[in-house]
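Asks:
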Amino acid sequence: MKNFILFFFLSVLAIITSCKKEVEYKPDGRLKGLEFTMLHTSPRTGTVVNTNKDYYRKGEQVKIDLTSNFDINKIDVVNLNVGKVFTTLNVNGKTAAYNIAVNDLNIPLGQRASLAFNVYFNDDGKDGFDYPSMKTYNFDVISDVPSIVNLKKQDGSTVELKTTDYNIGSFSDDAKRGIVATFKPGVISYLDVENSNLLKFGNNSNFSVSFWFQSNESTDDPGMMGTLDWGSSNNKGWLIAYLAEV
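Residues 520 to 765 (this note's numbering) are what the sequence shown spells out, left to right.
#1: Under the assumption that L585 contacts K654 (Cβ atoms under 8 Å), give the Cβ distance between them as a whole number of angstroms.
#2: Leaving out the 5 sequence neighbours to the left and right, which residues in its chain are closer than 7 Å to W757 when beta-carbon positions are compared?
#3: Helix, strand or coil: how does DSSP classify F555 here?
#4: Quick one: what's got a C-beta closer than 7 Å to I759's C-beta in the same chain, skipping five residues either side?
#5: Which residue or residues does DSSP assign as beta-bridge partners of S633?
#6: Just reading off the beta strand (DSSP E) that K582 is part of, what are its end residues?
#7: By alpha-carbon positions, which one of F702, L634, D642 ends up nearest to V604?
#8: For the beta strand (DSSP E) holding G688, just list the boundary residues, first then last.
#9: Does DSSP classify F648 as helix, strand or coil?
#10: Can you find the residues in the same chain that come closer than 6 Å, C-beta to C-beta, to D684, ignoring five residues on each side of it along the sequence?
#11: Between the alpha carbons of Y656 and G565, how many angstroms are there, rounded?
#12: When you compare each of I698, N723, S666, V699 to V712 by their alpha carbons, which one comes out closest?
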């Protein structure tokens, strides 16, 4: 009797299972053919570019124009650094604009704020889908570190000189001294001022150099600043050295 009941139960279960409608997977092709652009004016060059990152300084404004060939319902702008939605752009069209002050992003010097634009398209109910399609686009606002080396002309104007940093520990913004670079101890760590026509004055005219320096080293540094080739010393130039306390 027990075997009969078990057989009957399994038979009913098999019938119920076989009658259950299979759920078919339907690919979502609503965004097929999508064209999307994020245009902004680069603070460094002043030209309009279509890139997903750029360098900004405090006091500047991030302005991004977003364009799609498909209708957009809304865009959620998320600060990925803190996981917070900054704002929601109610678009209801194909174009949108987003503006934010760099100061409002609170970016540490030399670091970046990553913004995510969650774009919800106006296609809820299309092709049998009861939810809108969504696509995410990212944009990095990078803190542009001002050059640590500046050229001051006779007329009092100041020009930043582009530098290349090698194994620098960190940069910081000092209220009295401006941008300060911290070098790594025990390894080759330095800043190289790139070639510039502005530096040719040192060949045939007098000039002065001013800088702030602090060290906790107890050994000499034979080459701290200069134009002399430290490797061969074959070229003419000048050199400032650091002599530790004896």
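By construction, the Cβ of each residue, glycine as well, lies at the ideal position given by its N, Cα and C atoms.
Replies: The structure says:
#1: That pair is no contact at about 11 Å.
#2: G745, T746, L747
#3: strand
#4: M743, M744, G745
#5: D659
#6: 580–598
#7: L634
#8: 687–693
#9: coil
#10: L710
#11: 23 Å
#12: S666
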